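Each protein sequence line maps, in turn, to chains G and E.
Every letter in the first sequence is one number past the one before it in the numbering used here, and letter 117, counting from 1, is 115.
Every letter in the second sequence is one number past the one before it in the numbering used here, and letter 168, counting from 1, is 253.
By construction, the Cβ of each residue, glycine as well, lies at the ideal position given by its N, Cα and C atoms.
Since this is a predicted model, take the numbers as computed values, not measurements.
The structure appears below as structure tokens.
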Amino acid sequence: MAPPRPIDGTLLKQGAEAHVYKSTFLLPTVPCLIKVRPTKSYRHATLDLRLTKHRCVSEARLLNRCRSMGVLCPAVYFVDEKRGEIVMEWIEGPSVRDFLHSYLDSGSNLDDEGKNPDVQIDTLMENIGQTIGRLHDIDIIHGDLTTSNLMLRHREKQNTALDSHQGSQGFKNDTSLSDFDVVLIDFGLGQVSNSDEDKAVDLYVLERAFLSTHPRATRLFNIILESYKRSCIGSAVVLRRLQEVRLRGRKKSMVG
Amino acid sequence: MPTTLSLPHLPSSYRLHIALFTSVGNAAHLHSQLLAKNPEYEYAFIEPSILVSHLQPISACFRAIHDLLDPDVGLRTPNVHSETVFSLSPTHNITDSYRRFGISPSSTAVLAIKILDTSLASYSESDTLDRLASIVEGTEVEFATGEIRKLTDLSKVKKYYKLKDMGYVDQLYKKKGRTAEEKSEEETWRDLEVAVLGAMALRSLV
Chain G
-1 MAPPRPIDGT LLKQGAEAHV YKSTFLLPTV PCLIKVRPTK SYRHATLDLR LTKHRCVSEA
59 RLLNRCRSMG VLCPAVYFVD EKRGEIVMEW IEGPSVRDFL HSYLDSGSNL DDEGKNPDVQ
119 IDTLMENIGQ TIGRLHDIDI IHGDLTTSNL MLRHREKQNT ALDSHQGSQG FKNDTSLSDF
179 DVVLIDFGLG QVSNSDEDKA VDLYVLERAF LSTHPRATRL FNIILESYKR SCIGSAVVLR
239 RLQEVRLRGR KKSMVG
Chain E
86 MPTTLSLPHL PSSYRLHIAL FTSVGNAAHL HSQLLAKNPE YEYAFIEPSI LVSHLQPISA
146 CFRAIHDLLD PDVGLRTPNV HSETVFSLSP THNITDSYRR FGISPSSTAV LAIKILDTSL
206 ASYSESDTLD RLASIVEGTE VEFATGEIRK LTDLSKVKKY YKLKDMGYVD QLYKKKGRTA
266 EEKSEEETWR DLEVAVLGAM ALRSLV
């Protein structure tokens, strides 16, 4: 294993799998995000190197495939697979999770009955459905679709430093949500697969995440599904499979 | 005036000197000196028609210096300058990478890069810059994305970086008769830029 080295950047988040830093790539004007999978000292060194390398490589490949085929996600700038580092494009903007929270907290009426339907939020949900539809049309399974792994980026102001909190405040007042792109992040659990089962499970994971974090938003998830149905080419089979998955849960085989 | 840079995440003593030339007259001479391994001509001479942005050659330098300094990796070509040209390639074939991404005797434009460790005693910035400005016979233009894009040969870029899958979803949707969003020219360039950077970054992964 190559020795770990200090990363020149600010630590943003630290998960079980990786540490995430904000830094710059090549030029001070190009912001980037560095995702590092640190060594796990409790694992055998050889196994650890193999796992780290494999995960790093597969995530980088997925990101690149996704981005070049036309689904928005961070572009890969540099990979040092021996140290488990991926340098990728910086996505400026709040996550959908943060955005929805600040939106729901601010007291707008979002009822399950669909009273006072908010056009702005509906547009966002349609965008999400469409983005996931596109992702599934290139046979990529995200594996961890949650609202935290969906980011909102302004189409014009991609590179301006916009504080995420201010940003979400700014949305409501003067900008339309249709000016925002939904960008997928964190392909650490992703894979390439064309099976309906995998795609249905992907949607199911999002449904669970969505309803548990935003309990008032059942209606919103239905908009996502509607939009997915319209945009994704193989959507009919996947949605039928989703019904089955809902009944039995994420795991197909209950043996073992 | 050549551009001088040092890169984040690498020792700051490593400095890049970059100059872009058009209407180049002595490409054949430069090419022959490279083949003769003349140390006076140890530069990365890059064919600008395969470049889509100024980040692309800088990223290649980053990879070259990174590999040079990493004891586990090391260089796969004779020096850091040839490694820079090799780093532009999305494949592991060194000869091909020189031919496709390096200068050829018929080149009319050249991007010249000198990478130096400024902590060495022999380093002199003004000498390096003078030499860089005089080694290529041509008109120096600003090393900037705008100038580079004037020289880009898109069909070559797409072929060498194997980008036929680019924008696959939109093509698919168009075929199925759906409305695909039109991208602005700037967005198309940006997509191309990151696709190329990605292809270069993923080369090391076998």
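Handout entry: Contact under 9 Å by Cβ, E/I233 with E/L92
Key = No.
Handout entry: Within 9 Å, strictly: CB atoms of G/Y226 and G/G131
Key = Cβ distance < 9 Å, so G/Y226 and G/G131 count as in contact.
Practice task
Report yes if the CB atom of G/V74 is closer than 9 Å to the CB atom of E/L248, and no otherwise.
Solution key: Remark: C-beta atoms of G/V74 and E/L248 do not approach each other more closely than 9 Å.
Problem - Any C-beta of chain E under 9 Å from that of G/V55 - result: Answer yes: the Cβ-Cβ gap between G/V55 and chain E drops below 9 Å somewhere.
Exercise for the section: Would you kindly work out how many angstroms separate the C-alpha atoms of G/K11 and G/P72, rounded to a whole number? Expected result: In this model, G/K11 and G/P72 are separated by some 17 Å (Cα to Cα).
Problem - Interface residues of chain E facing G/G68 [CB-CB closer than 7 Å] - result: G252, Y253, V254, D255, listed in chain order.
Exercise for the section: Taking all protein chains shown into account, decide if G/R151 is buried (16 or more other Cβ within 10 angstroms of its Cβ) or exposed. Expected result: Classification of G/R151: buried, given that the 10 Å Cβ count is 16 or more.
Handout entry: Nearest to E/P87 (by Cα), restricted to the options E/D276, E/E271, E/V195
Key = Nearest Cα to E/P87 within the set E/D276, E/E271, E/V195: E/V195.
Handout entry: E/D276 classed as buried or exposed, judged by whether at least 16 other C-beta atoms fall within 10 angstroms
Key = By the neighbour-count rule (16 or more Cβ atoms within 10 Å), E/D276 is buried.
Problem - Min CB distance E/P93 to chain G below 9 Å - result: With 9 Å as the cut-off, E/P93 counts as an interface residue toward chain G.
Problem - Rounded straight-line distance, which links the Cα of E/K268 to that of G/D220 - result: Correcting the residue type first, residue 220 of chain G is Asn in the shown sequence and not Asp. Between G/N220 and E/K268, the C-alpha separation is close to 29 Å.
Practice task
Could you tell me whether the Cβ of G/V181 comes closer than 9 Å to any Cβ of chain E?
Solution key: Interface annotation, G/V181: not in contact with chain E, CB-CB separation never under 9 Å.
Exercise for the section: Could you spell out where the beta strand (DSSP E) holding E/L105 opens and where it closes? Expected result: Segment 99 to 107, the beta strand (DSSP E) holding E/L105.
Exercise for the section: Would you tell me roughly how many angstroms separate the C-alpha atoms of E/S134 and E/V170, rounded to the nearest one? Expected result: For E/S134 and E/V170, the gap between their C-alpha atoms comes out near 13 Å.
Practice task
List the DSSP bridge partners of E/D202.
Solution key: E/Y99, per the DSSP bridge assignment.
Practice task
List the endpoints of the continuous alpha helix (DSSP H) containing G/L32.
Solution key: Here residue 32 of chain G turns out to be Ile, not Leu, going by the sequence shown. Where G/I32 is concerned, there is no enclosing alpha helix (DSSP H), although the beta strand (DSSP E) it sits in stretches over 29 to 34.
Practice task
Classify G/K51 as helix, strand or coil using the three-state DSSP reduction.
Solution key: Here DSSP, grouped into helix, strand and coil, assigns G/K51 to helix.
Practice task
For the segment 234 to 274 of chain E, list the alpha helix (DSSP H) runs that are entirely contained and at least 4 residues long, ordered along the chain.
Solution key: Within the segment 234 to 274 of chain E, the complete alpha helix (DSSP H) runs of at least 4 residues are 239 to 245, 253 to 260.
Exercise for the section: Determine, using beta carbons only, whether G/D177 comes closer than 9 Å to chain E. Expected result: The beta-carbon of G/D177 is placed no less than 9 Å from the nearest beta-carbon of chain E.
Exercise for the section: Could you name the residues of chain E that G/V77 contacts, counting a contact when the two beta carbons are closer than 7 Å? Expected result: Per Cβ cutoff of 7 Å: A286, L287, S289, L290.
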